[in-house]
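K.L.:
In the numbering used here, the protein residues as written are 515 to 654. First the structure, which I've put down as structure tokens, then a few questions once you've had a look.
In structure tokens:
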């Protein structure tokens, strides 16, 4: 695992603010030379610390129904349930957790009808004992 230095943290923060920033802009933001920025970026990408460069748009918020679904599993079927959930394209992210619920799924669908179908698919998976869903109405 790559050690993350203070310079790396500043570089990552600058990239979170603007993933399209040039190496020159990143050098100015972090206070280090362009060559240092370039070598740090290469190292962070090569090590997998930076997995991808992406964009955020408000289109997803405006055009999608988003929700968090917590899921209780039958213990002996957890691997099977996780495989089934990962096969559903509308399950955007899946996390194991502690407490009353075993999994937390982030669901994204284009409309309420599609969203309802996704919930039915999840509830029909063998090994899913219970679920609770909260729609994400607005980002703070």
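Yeah, the Cβ is synthetic: ideal placement off N, Cα and C, and Gly gets one too. For clarity, every value in this text was computed on a predicted model and none was experimentally measured.
Round the Cβ separation of residue 617 and residue 585 to the nearest angstrom and send it over; I've been treating them as touching at under 8 angstroms.
P.N.:
For this step, residue 617 is matched to residue 103 along the chain shown. For this step, residue 585 is matched to residue 71 along the chain shown. Indeed they touch by this definition, with Cβ atoms about 4 angstroms apart.
K.L.:
If we ignore side chains and look at the alpha-carbon of each, how far apart do residue 456 and residue 609 end up?
P.N.:
This structure cannot settle anything about residue 456, because the visible part of the chain is limited to 515 through 654.
K.L.:
What would DSSP say about residue 583, mapped onto helix, strand or coil?
P.N.:
Position 69 of the chain shown, counted from the start, is the residue given in the question as residue 583. Note: residue 583 maps to strand in three-state DSSP.
K.L.:
Run through the DSSP bridge pairs and tell me what residue 623 is partnered with.
P.N.:
Here the question's residue 623 lines up with position 109 in the chain shown. DSSP lists 579 as the bridge partner or partners of residue 623.
K.L.:
Would residue 548 and residue 521 qualify as a contact pair, given that the criterion is a beta-carbon distance under 8 angstroms?
P.N.:
On the chain shown, residue 548 is found 34 positions in, with the first residue counted as 1. On the chain shown, residue 521 is found 7 positions in, with the first residue counted as 1. Not in contact: residue 548 and residue 521 (Cβ atoms no closer than 8 angstroms).
K.L.:
Using 8 angstroms as the threshold, is the stretch 636-650 in touch with the stretch 578-596, meaning 3 or more CB pairs across them?
P.N.:
Taking 8 angstroms as the limit for Cβ pairs, the verdict is that the stretch 578-596 does touch the stretch 636-650.
K.L.:
Pull up the distance between the alpha-carbon of residue 498 and that of residue 599, whole angstroms please.
P.N.:
With the chain covering 515 to 654 only, the question about residue 498 has no answer from this structure.
K.L.:
My guess is that residue 621 and residue 642 are in contact by the Cβ rule of under 8 angstroms, so how many angstroms apart are they, rounded?
P.N.:
Taking the first residue of the chain shown as position 1, residue 621 is located at position 107. Taking the first residue of the chain shown as position 1, residue 642 is located at position 128. The pair is not a contact, with the Cβ atoms about 14 angstroms apart (cut-off 8 angstroms).
K.L.:
Taking only the alpha-carbon atoms, compute the straight-line gap between residue 545 and residue 628 and give it to the nearest angstrom.
P.N.:
Here residue 545 corresponds to residue number 31 of the chain shown, with the count starting at 1. Here residue 628 corresponds to residue number 114 of the chain shown, with the count starting at 1. Residue 628 has its alpha-carbon roughly 48 angstroms from the corresponding atom of residue 545.
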